[in-house]
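Numbering (mature numbering (1 follows the signal peptide of the UniProt record, and there is no 0)), first residue to last: -29 to -1, 1 to 120.
Don't be surprised by glycine CBs; every beta carbon is placed ideally from N, CA and C.
Since this is a predicted model, take the numbers as computed values, not measurements.
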Amino acid sequence: MRSRRFSLPVLTILAALAIALADPRPVLAQDQASDAANAEATQPPEPPGEAPFMRPLGRLATILGSVHFLRKLCGEPDADVWRTEMSALIAAQAPREADKRQLIASFNNGYRSFAATYRSCTKAARVAVDRYRREGAALAREIGSRYGA
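What follows is the structure, encoded as structure tokens:
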């Protein structure tokens, strides 16, 4: 099992995620360059890698998917920024195909778990967004400091 350091673009994206997740003010929505939430792989080649950073990165992907769904449900203008950030993180990280599929699946699982529970924006949904933003910001900082260059 080889340890891998993150490159500068990945650290930049993690820093931006930490700031965006920690800041409760709306973030301006960005155009989508790709659609990570719908990029399901069709063939099962290799299993995901065992790099130590993949577990917290997978959790961060789950959080981004959850926040994406909840912000969209609550009609926030910045709802799509979370999918865009996930796409940018995957592009900058350039993971192996199996790891990429795992990150996309984690994002989608976060999205779907809340889609199965919430049909309208409630106080509980807003509380969940706040909690996930704090957890995501902490995770992004931890990943950057622990596995950064």
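Integer-rounded CB distance, given that residue j should sit under 8 angstroms from residue i
{"i": "residue 36", "j": "residue 81", "result": "3 angstroms"}
Cut-off 7 angstroms between Cβ atoms - residues of its own chain near residue i, not counting five sequence neighbours on either side
{"i": "residue 28", "result": "74 and 114"}
{"i": "residue 71", "result": "61"}
{"i": "residue 65", "result": "none"}
Any non-hydrogen atom of the ligand ATP within 6 angstroms of residue i CB
{"i": "residue 30", "result": "Among the ligands in the structure shown, none appear at all, so the ligand ATP cannot be discussed."}
Cβ pair residue i, residue j closer than 7 angstroms
{"i": "residue 121", "j": "residue 41", "result": "No information on residue 121 is available, as it lies outside the stretch -29 to 120 that the chain covers here."}
{"i": "residue 39", "j": "residue 26", "result": "no"}
{"i": "residue 77", "j": "residue 32", "result": "yes"}
{"i": "residue 34", "j": "residue 103", "result": "yes"}
Same chain, Cβ closer than 6 angstroms to residue i, neighbours up to 5 away in sequence not counted
{"i": "residue 105", "result": "none"}
{"i": "residue 50", "result": "42 and 43"}
{"i": "residue 117", "result": "none"}
Cβ shell of residue i (< 8 angstroms), same chain only, five flanking positions each side left out
{"i": "residue 46", "result": "92"}
{"i": "residue 96", "result": "41, 44, 45, 85 and 89"}
Problem set entry | Secondary structure, alpha helix (DSSP H): runs of 4+ residues fully inside the segment 23 to 83 | 25 to 44 and 52 to 64
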